[in-house]
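**Q**
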Amino acid sequence: MSKLVTLLNGPNLNLLGLRQPEIYGRETLADVIARATALAGEFGLDLAAQQSNHEGQLVDWIQAARSTSAGIIFNPGAYSHTSVAILDALNAFEGPVLEVHISNIHKREAFRHHSFVSRRADGVIAGCGTEGYLLALRRMATLLQA
Ligand code: CA2
C-alpha cells in the first residue's frame, strides 16, 4: 500500500496565481496540487492536499495526520511567524515534516525571518517559487524510503 503524504497550505495561499504574481508566481494552488499529485504518483506516494485560512483547522489536520500520514509538507503562510499552536501540533506528529515557502522569507521583512515551524521541520525550502513544493516532495520520497 502506498504511503500518504499530507500537503498543507495556510492562510491566503488560496489566492496563489490570482494576486501578487511578482512574489508568488502565476500558478494557482490547484495547478500546484495537480503537479504535486502527479509527481507523488511517480514516487509511489499518495497526496492529500488541504488549504485553510484558519489556525485551528490547520491544527486539526496536523493532529489527524498522526493516524493517516507518513509525512507532512507544509507552507504555513503567515502562521509560520506567529503560531506556537501549530508548532505544538507538529511536535506531536512523528513522521518527517518539510516546510515550504514560495518566496525567500530571509530576503523579505525582518518579521518573516523567524519561523516557529522551522524548530520542528526536518527541512526548509524557501525562495524556489512553487517548484519548492515539488522539491519537498522529492526529499519526502527519500526520507520515507529509509
Ligand atoms: O513565501 C511563502 O510561501 C509565505 O509562506 C507566503 C505567506 C507569507 O506570509 C509568508 O511570510 C511567506 C503569504 C501567503 C500569501 O499568499 C498569497 C498568494 C497570492 C496572492 C496574495 C497572497
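Following my numbering, the numbering of the sequence shown begins with 11 at its first residue and continues without gaps. Don't be surprised by glycine CBs; every beta carbon is placed ideally from N, CA and C.
1) Alpha carbon to alpha carbon, what distance is there between T78 and G142?
2) Below 7 Å, is the gap between the Cβ of R165 and the nearest heavy atom of ligand 1?
3) Would the beta-carbon of F121 fall within 8 Å of that of I96?
4) Using a Cβ distance threshold of 8 Å, determine whether the segment 100-109 contacts the segment 129-136, with at least three qualifying pairs required.
5) Going by the DSSP bridge assignment, what does E109 pair with across the sheet?
6) From the DSSP output, in three-state form, read off A181 for me.
7) Is it buried or exposed for L28, if we count other Cβ within 10 angstroms and need 16 for buried?
8) Is V15 near G81, with beta carbons less than 8 Å apart?
9) Alpha carbons only, please: which of L57, L100, I83, N63 is nearest the one belonging to A136?
**A** Short version:
1) Along the sequence shown, read from residue 1 onward, the residue named residue 142 stands at position 132. Along the sequence shown, read from residue 1 onward, the residue named residue 78 stands at position 68. Taking the straight line joining both Cα atoms gives about 24 Å.
2) The first residue shown for the chain is 11 and the last is 156, placing residue 165 beyond what the model contains.
3) On the sequence shown, position 111 is the one that residue 121 refers to. On the sequence shown, position 86 is the one that residue 96 refers to. No, the pair does not count as a contact, with Cβ atoms beyond the cut-off.
4) yes
5) If you number the sequence shown from 1, residue 109 lands on position 99. Answer is F84, V134, bridged to E109.
6) Outside the shown range of the chain, which is 11 to 156, sits residue 181, and nothing can be said about it.
7) Here residue 28 refers to the residue found at position 18 when the sequence shown is read from its first residue. That one is exposed.
8) Residue numbering aside, residue 15 sits at position 5 when the sequence shown is read from its first letter. Residue numbering aside, residue 81 sits at position 71 when the sequence shown is read from its first letter. Yes, these two residues count as a Cβ contact at 8 Å.
9) Counting from one through the sequence shown, the residue named residue 136 turns up at place 126. If we check each option's Cα against that of A136, I83 comes out closest.
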